[in-house]
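Report on the following structure.
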Amino acid sequence: MKHLFYILPLSIVLFAGACKNNDDEMQPGKADLELSFEPIAEKPEIGGLVTFQANLYNRGPLTADGVTLENSVPEGYQVEDVGNGGVITGSPAVIRWSGISIQADETLSFTFTARAEKPLEGIDFTQRAQVVASNQADPDSTPNNGADSPKEDDEAALMLLPRAGEVTLNFKAFYGPDPLVMFDREYAYEDNMAIKMQLFQFYISKVRLLKGSGEEPLTDVGLISFANVYTDEEAAAGISTVPGVLPPGTYTGIEFGFGLDSVLNATIPPDYPLGHPLSENYWEAASSYIFFKFEGNADLEPNGDFSDKLTFHVGGNSNYRKLTFDRPITIEDEGAVTLQFNIDLHKMLVDQNTGEYLDFRQVTQSHSNESPSATFMANHIQEAIEME
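Here the sequence shown is numbered in our numbering, starting from 103 and rising by one per residue.
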């Protein structure tokens, strides 16, 4: 699920909007209604409750009755409770207070409590309120003429983002000490063999930051592909996940799966929209996604012709690996953190302790989840990935 997260500076996070009343004198036969939000000094936590208060003031000179007040609730908040006789209607939610009577020089307050969601891209966090009906004419406002942004003093808005920081995972690929690039680069392999790369990619899933005995979910799934890495500069830049959003604080580590757990692996591409990481790379015959792909050409003679095609596609629940890295990770409100990971393909192909290696003279392809080559590579993933 592809999501782009955003963090806004605190200077624009909090605002209470109500247009200034320019009337210096009360106008007879009318009731001048003004609406504003009570300012909120502190940002909530993600998942925290916030009580909003809209204040309706009548500058007079007459009493206004038959007044209806509405507040449009943004996607960034889920209403938990409404006070002062208000009711929730529609989708997206609108809170309505009806049958209001307000005397001249009187202020009435209307409250509701809502829970803050994660600030994902495209999700609005601005409460917008307006007077939508009144039995008395207003000298400078027209009820129910739009509350997208306050233009009159019977309209008000308040934007309040929760405390959050961005977290991005970046992966750089290596072959031993050398950056891993596609196509032209030759990499020496065991027993006088050599390889050239064409594709290296893998899924990560269930990314969680750890904190004591708890955890905070960051990303459900991401596809890390080095298919378009052709130069050392591109290799040095690495491949990044879509930024995720988490509550600020100090975490004790990070955990994620290499491949897909059994729940995600039980889904199929039609379950997802085009462009989603899981809308492709499915192996129907094995009822499994392909967790990682390693493709290239090998020179086995050696004679420099690189004529032997290497194709290793590995999936299956038995080849899923959960990885945990214990490392202090501090996330600040409105801050951005990049967590750096390096993956060494050579360590997936060659056991660093025993010297055992995947012999391309014996096997050049694998499309079986239970083949010895698939199991060998899956068993060496833990050694191949390090966190800086």
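Using N, Cα and C, we set each Cβ at its ideal position, and we do this for glycine too.
Checklist line | Counted within 10 angstroms of its Cβ, other Cβ atoms place Ile-370 as buried (16 or more) or exposed | finding: Flag for Ile-370 reads exposed.
Item checked: Rounded straight-line distance, which links the Cα of Thr-153 to that of Pro-494 -> The chain is shown only over 103 to 490; residue 494 falls outside these bounds and no answer can be derived.
Checklist line | Three or more C-beta pairs below 8 Å linking the stretch 134 to 150 and the stretch 251 to 263 | finding: The way I'd put it, the stretch 134 to 150 does touch the stretch 251 to 263; three or more beta-carbon pairs between them come closer than 8 Å.
Next item on the list: Could you please give the first and the last residue of the uninterrupted alpha helix (DSSP H) stretch that includes Pro-430?
Entry: Where Pro-430 is concerned, there is no enclosing alpha helix (DSSP H), although the beta strand (DSSP E) around it starts and stops at 423 to 433.
Next item on the list: Determine the direct distance from the alpha carbon of Leu-441 to that of Pro-430, and round the result to whole angstroms.
Entry: So the two alpha carbons sit approximately 11 Å from each other.
Next item on the list: Compute the distance between the beta-carbons of Val-309 and Leu-320, then report whether it is under 8 Å.
Entry: One thing to note: Val-309 has its Cβ within 8 Å of the Cβ of Leu-320.
Next item on the list: Could you check the C-alpha separation between Tyr-332 and Asp-401 for me, to the nearest Å?
Entry: Taking the straight line joining both Cα atoms gives about 20 Å.
Next item on the list: Let me know the beta strand (DSSP E) ranges lying completely inside the stretch 345 to 414, each 3 residues or longer, listed in chain order.
Entry: Within the stretch 345 to 414, the complete beta strand (DSSP E) segments of 3 residues or longer fall at 346 to 348, 351 to 360, 390 to 401, listed in chain order.
Notebook entry, point to check: In the stretch 123 to 211, which residue ranges form an unbroken beta strand (DSSP E) of at least 3 residues, counting only runs that do not cross its ends?
Noted result: Correct list: 133 to 139, 151 to 163, 166 to 174, 179 to 184, 189 to 191, 196 to 204.
Item checked: Collapsed DSSP secondary structure at Ser-307 in the structure displayed -> DSSP places Ser-307 in strand when its eight states are reduced to three.
Check: Can you name the start and end residues of the beta strand (DSSP E) that Leu-260 belongs to?
Finding: For Leu-260, the enclosing beta strand (DSSP E) covers residues 257 to 261.
Next item on the list: Going by CA-CA distance only, name the one from Ile-197, Glu-182, Val-184, Asp-183 that's closest to Glu-172.
Entry: If you compare the alpha carbons of Ile-197, Glu-182, Val-184, Asp-183 with that of Glu-172, the shortest gap goes to Ile-197.
Check: If we count Cβ pairs, one from each stretch, closer than 8 Å, do we get three or more for the stretch 388 to 397 versus the stretch 409 to 419?
Finding: As far as the Cβ criterion goes, the stretch 388 to 397 touches the stretch 409 to 419, which means the pair count is three or higher.
Next item on the list: Please report the residue range of the beta strand (DSSP E) in which Asp-453 lies.
Entry: Careful: Asp-453 lies outside any beta strand (DSSP E) and carries neither H nor E.
Notebook entry, point to check: When DSSP labels each residue in this structure, what does Ile-114 get in the three-state scheme?
Noted result: Because Ile-114 carries a pLDDT of 39, less than 50, the predicted location of this residue cannot be relied on, and no value is offered for it.
Next item on the list: Quick one: give me the first and last residue of the alpha helix (DSSP H) that Glu-472 is part of.
Entry: For Glu-472, there is no enclosing alpha helix (DSSP H), as DSSP marks it with neither H nor E.
Margin query: Please report the distance separating the alpha-carbon of Asn-421 from that of Ser-211.
Written below: Going by the C-alpha atoms only, they are around 59 Å apart.
Next item on the list: Report the three-state DSSP secondary structure of Met-299 (helix, strand or coil).
Entry: In the structure shown, Met-299 sits in a strand (DSSP, three-state: E or B).
Note to self: Please return the same chain residues whose Cβ sits closer than 8 Å to the Cβ of Ser-390, not counting the five positions on each side in sequence.
What the structure shows: Only Asn-367, Tyr-384, Gly-417, Gly-418, Asn-419, Asn-471 meet the Cβ criterion.
Notebook entry, point to check: Looking at the unbroken alpha helix (DSSP H) that takes in Glu-336, where does it start and where does it end?
Noted result: DSSP places Glu-336 in the uninterrupted alpha helix (DSSP H) bounded by 334 to 339.
Item checked: Cβ pair count under 8 Å reaching 3, the stretch 280 to 294 against the stretch 235 to 246 -> Flag = no, the stretch 280 to 294 and the stretch 235 to 246 do not touch.
Next item on the list: Just tell me which of Val-269, Pro-176, Asp-453 has its CA closest to the CA of Glu-219.
Entry: Of Val-269, Pro-176, Asp-453, the residue nearest in Cα terms is Pro-176.
Next item on the list: Would you mind reading off the limits of the alpha helix (DSSP H) that contains Ala-231?
Entry: It is not in any alpha helix (DSSP H) - Ala-231 instead sits in the beta strand (DSSP E) that spans 228 to 235.
Note to self: For the stretch 231 to 238 against the stretch 182 to 190, do three or more pairs of beta-carbon atoms, one drawn from each stretch, fall closer than 8 Å, so that the two count as touching?
What the structure shows: Contact annotation: the stretch 231 to 238 does not touch the stretch 182 to 190, with fewer than three C-beta pairs closer than 8 Å.
Check: Does the Cβ-Cβ distance between Tyr-305 and Phe-427 come in under 8 Å?
Finding: No Cβ-Cβ contact shorter than 8 Å links Tyr-305 with Phe-427.
Check: Which stretch, first to last residue, makes up the beta strand (DSSP E) that contains Ile-326?
Finding: Element bounds for Ile-326: 316 to 327.
Margin query: By the three-class DSSP mapping on this structure, what secondary structure does Ala-239 have?
Written below: In the displayed model, Ala-239 falls within coil according to three-state DSSP, outside both helix and strand.
Next item on the list: Whole angstroms is fine: what's the gap from Ala-275's alpha carbon to Asp-435's?
Entry: Cα-Cα distance, rounded: 31 Å.
Notebook entry, point to check: Counting Cβ pairs closer than 8 Å, one from the stretch 330 to 350 and one from the stretch 455 to 474, do we hit at least three?
Noted result: Segments in contact, no.
Margin query: At the level of alpha carbons, what is the spacing between Asp-167 and Ile-225?
Written below: Approximately 35 Å between the Cα atoms of the pair.
Margin query: Which residue wins for smallest C-alpha separation from Ile-201, given the options Asp-183, Phe-214, Thr-170, Glu-223?
Written below: Note on residue identity: the sequence assigns Gly, not Ile, to residue 201. Nearest C-alpha to Gly-201: Thr-170.
Margin query: By the three-class DSSP mapping on this structure, what secondary structure does Met-479 have?
Written below: Here Met-479 carries a helix assignment [DSSP, helix/strand/coil].
Margin query: Please classify Leu-447 as buried or exposed, where buried requires at least 16 neighbouring CB atoms within 10 angstroms.
Written below: By the neighbour-count rule (16 or more Cβ atoms within 10 Å), Leu-447 is buried.
Notebook entry, point to check: Between the C-alpha atoms of Gly-150 and Thr-209, what's the straight-line distance to the nearest angstrom?
Noted result: In this structure, the straight-line span from the alpha carbon of Gly-150 to that of Thr-209 is close to 28 Å.
Check: Whose C-beta lies closer than 7 Å to the C-beta of Met-450 among residues of the same chain, with five residues either side of it excluded?
Finding: Excluding the 5 residues flanking it on each side, Met-450 has same chain C-beta neighbours closer than 7 Å at Met-479, His-482, Ile-483, Ala-486, in chain order.
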